[in-house]
Amino acid sequence: MTTDAAPRVPARRRFRGLSNLVGLLIGLVERPRWLGPKNSDLRGDRPLPLVCLVGPSGADVLDGLAEGMSGRTRKPPFARVVAEKGSEQPDEPGDRQPVLPLLEQLRQGLRLPVYGSTRRARFRHYHLVDWLTRRSAGKAVQRDETFPTVQALREWHTKGRPSALSPETGGDSLWLRLLTLVPDLFRLARFGLWRTFGEPRWLMRQPFMMPGHSTRFVDFADRLADDRRGRESATQVEKLLVHAFLQDLRAEFRPRRLRPRRWRHTSHVVVLLEGITQGNGGWKLLRLINDVRNESTEHDPLLVVATAQRKPDDLRPGEAPWRAQEAGAALEAWENGLPVGRQKLSADARFLFLSVPDPGGDGPSDADDAAWRTWDGHQSPKPPVLARRWALVLTFALVVIALVSAVVLPAAQRYGNGCLPLTIGDGVAVRWMDDLDECVGYSDDASQVFGTDERLKRAQRDLFASNRVAEDLHEASGRPLVSLVYFGDLTHAEESPGTDASIAEELEGLHIQQRALNVENYDRPLLRIVVANGGEGMLTARTVVDDLLLPMIDEDPSVLGMVNLGLTTDATESALGALGDHGVPVVATTLTGTILPSLSPLYFQLVPPNGTQARAIAGYAATLGVRRVMVYHPNLSDNYLRTLVEESANALRERGILSTPSSWGDQVGEIVPACGADTMLFYAGRENDFRNFLIKVVTTCGKPGQEQPIVVGDDTVSRFMAQQSVRQDINLAGRPASFVSLAPRVVLAEGKCRPGGTGEADDQALTAFCEGYRKLPEDKRSGRPWPGERVGLAYDAAGLFVHAVELNQQRRRVPDPLDVPSTTQPPYSPNRGAIAHEMRGFKDYQGATGTIDFTTSATGATRPVGILTVDNVGDDNALPRCAYEYENNVGKSC
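Under this note's numbering, residues -14 to 879 are what the sequence shown spells out, in order.
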């Protein structure tokens, strides 16, 4: 029964089971969403049945369905086609009949704007195949039989394309146009080397008409011509047309490649096909759709609702159509049987037959009376939020904003790598090197620390905390503020072993001086340390000096000089020359390159040059009485390596000891070490390769019948000895090795500097150093039982500047007699040039590492070196012992 509030529509017939049928169609028209409701198992596209309404009153149902969809605000794309009219095609001049006239009628119906509220499909694939099947290739007059087809494809993309094809079908893909202009590229389309070849690529990959039998797309297109299809299967051609038609619908509705308009299709495409028979091609078209869906195994969004007087006997033989009131059960039975049916390629796997009762049968129920109102009121689901036009506008705006603010991304990268992109105050200036993935620059504040090692970062924070104390005391008392720049290689690649511990040792030595000086009720100068990073291997040293350090030094007169300089490399030498030209004193702690003193008149060196080290090695070899010395080295890429190898050869030759240099290429493991107790292996390389060098020696000379040689490393190996993590290897357990120490006095003072150690130091300077070292908290010292040589060298380097300031401050200043007498003296402000001159006059400065005499040599020629031996390299607690000492050209065993 119908309620009073619901007006009856005379044009629509109601019958028993109408509500069940309408409910079935509403569920089929609506596309399942990828994130559907919890009570639904459907996600994404689904297989759709071919709904066949059997009975004389089926046309009335299609009328009601079309009327209801036409009146909706959000209507699904649909078309109403009368099969009898669809099979009739006028014979106009120049036109050829389509292979499937009814399918062409469906395409034209779906293109009409009156059906549906969404964008119409462009039918690129179908349009091309339809045109290829209508044309005649003609008789070839050229050597290439496909020439007419090539010419036709070229013409296809001109304004004068054949009039039999509707112009509203839309343009074709750019690649199809390109392929027709460049015939040779058809081979690429055949093999699908590019993803976006469009229609030709798809046609050569789909299953119908066996495209694999054609080596080129042009050959396949030629086979489709009307006068060339004599040897082709007509059924295969028809299936190809249907498959192309469905493919265009798939492409239009498939939600991929971030094309929001595809996500807006929330309903399937509905085709209302009236009055199908064997004669008008309706049943043939449905059978083709059934077969194509079975054989292609792809879902498509086409929902066909067809009407017929009766069901063909060969479709679902022996089964009567389901009654309309059983529509829900019919769909469930169809879904359950579909997997088996399509696996068997059944000719009726996709058909769902429902009978429409004749007038005069059982009357409609209340639900049937309200069915058409339910159908009319049902709206297609709204598109996902991100696919709506306002959301697209907003998304586009956000993308533009993101592009405009792209500068934030580099800043985030720098921040993530501990490299602030902007200067924070006057004491921090850094730069991110994109090509090296390193943060370089300088800092005197804990807001910027360099490196990843915790001990190294902790040492920097300790320095920076003491800087704040020094600045406050300077402001309050007027005591001279001595600012020094520590310049080293604080960062390295993740795969590099690194030398973080040795750098941390030098910073700890500077901190010991700070702790002694930056205290209240004291009249000595205050010490401030600026930490500068030149990157791994000091590769960016010159860039940091020119762009960052020199401007800072010009603006800050308290900066009196520089300590360290990392490694003796070409970049270091270039940076040293620039500092010398700018009048900046440099005190190197561990550099030994022979060429360095000639690069700057203000260069000072605390350790002897390579010649002294080489003579110490020769003297040690002579003391041991070895037969030969093998000098292993990498490619001589810088002055440090070149001079060390050359000086070693000269010193050994003077001693009458046979020496043989041996170089490795890219990997130290390429060497073949000499074995034998009467052989010394001198490692003249960088610390990064010493571990693998030592392992190669141990494994090679540990074989039966071989004797282990004596291994001595150069001064860079002290970095290896300071890095506990790289010494922990089973191959190094119990293995002795010696190395050149540039500050043996400090290293061998373990009993005096260790907390709880016994014995007095030899002199006041070493005593003061050991007291400061013992006062360092346990977590701020190395885990080894002896102080590293670099702790003492950095401690002495800072002490030189402080002592020079004290001497300079004590000099008598005579006031100008013409000035008006003043009761106050101007504050003392040291000048870096005067301080460098003061240091040049040091003759017997007593440091922790020994006496420093710059009057005889500013490059440490008179300074001692020692060869120390660690009896068990793999043991972090093994104490080094003195094996040989060399000073003032005199060597002796310890």
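Beta carbons are placed, not taken as given, at the ideal position from N, Cα and C, and that holds for glycine.
CA-CA distance, Val850 to Tyr400, rounds to 43 Å. With respect to Pro570, Arg817 sits close: the two C-beta atoms are nearer than 8 Å.
Beta-bridge annotation (DSSP): Ser428 is paired with Val413, Val516. Here Leu853 is buried: its Cβ has 16 or more other Cβ atoms, across all protein chains shown, within 10 Å. In terms of Cα proximity to Arg446, the closest of Ser432, His459, Asp860 is Ser432. Non-local C-beta neighbours of Asp361 in its own chain, meaning closer than 7 Å and more than five positions away in sequence, comprise Gly53, Gly56, ordered along the chain.
The continuous alpha helix (DSSP H) containing Arg775 extends over residues 774 to 795. Each residue's CA atom was taken as its position, placing Val630 and Leu492 some 30 Å apart. Cβ-Cβ separation between Ser633 and Val616: approximately 5 Å, consistent with a contact (criterion under 8 Å). Within the stretch 592 to 649, the runs of alpha helix (DSSP H) at least 4 residues long that lie entirely inside it are, in chain order, 595 to 609, 624 to 639. The shortest C-alpha to C-alpha distance from Val66 to any of Arg81, Pro594, Gln82, Leu88 is the one to Leu88.
Each residue's CA atom was taken as its position, placing Glu217 and Arg208 some 8 Å apart. A direct Cα-to-Cα measurement between Arg295 and Val39 gives close to 6 Å. For Cys404, the secondary structure class from DSSP, reduced to helix, strand or coil, is coil. Straight-line spacing of the CA atoms in Glu540 and Gly412 works out to 11 Å.
Phe381 sits exposed, since fewer than 16 C-beta atoms from the chains shown fall within 10 Å of its C-beta. Looking at Ser710, Val858, Ala526, the one whose alpha-carbon comes closest to that of Tyr471 is Ala526.
Here the alpha carbons of Leu679 and Thr685 stand approximately 10 Å from one another. Contact check between the stretch 442 to 457 and the stretch 502 to 521: three or more CB pairs, one atom from each, fall below 8 Å, which counts as touching.
For a cut-off of 8 Å, the C-beta gap from Phe63 to Leu339 is around 19 Å, too long to register as a contact. The criterion of a C-beta distance shorter than 8 Å is not satisfied by Arg500 and Gly698. The shortest C-alpha to C-alpha distance from Ser468 to any of Ser543, Glu456, Ile820 is the one to Ser543. Uninterrupted beta strand (DSSP E) stretches at least 3 residues long and entirely within the stretch 191 to 260 occur at 254 to 259, given in chain order.
Closest in alpha carbon position to Arg638, among Met665, Arg600, Val657, is Arg600. It is roughly 14 Å from the alpha-carbon of Val227 to the alpha-carbon of Thr282. For the stretch 642 to 718, the continuous beta strand (DSSP E) assignments of 3+ residues that do not extend past its boundaries occur at 643 to 648, 664 to 668, 695 to 698, in sequence order. Gln310 sits close to Gly2, with the two beta carbons spaced by under 8 Å. Here the stretch 818 to 831 does not lie against the stretch 691 to 711, with fewer than 3 beta-carbon pairs under 8 Å apart. Look at the beta carbons and you see the stretch 718 to 738 touching the stretch 767 to 787: at least three pairs across the two are nearer than 8 Å. Looking only at Leu792, Leu751, Val858, Tyr625, the smallest Cα-Cα distance to Phe705 is reached by Val858.
Counted as a single uninterrupted DSSP element, the stretch harbouring Gln499 is not any beta strand (DSSP E) but the alpha helix (DSSP H) occupying residues 485 to 502. Pairing Ala606 with Met665 gives a Cβ-Cβ distance under 8 Å.
DSSP places Met547 inside the beta strand (DSSP E), whose first and last residues are 544 to 549.
Counting only the Cα atoms, Leu379 lies some 56 Å from Asp299. For Met824, the secondary structure class from DSSP, reduced to helix, strand or coil, is helix. One Cα belongs to Gly522, the other to Arg848, and the distance between them is close to 26 Å.
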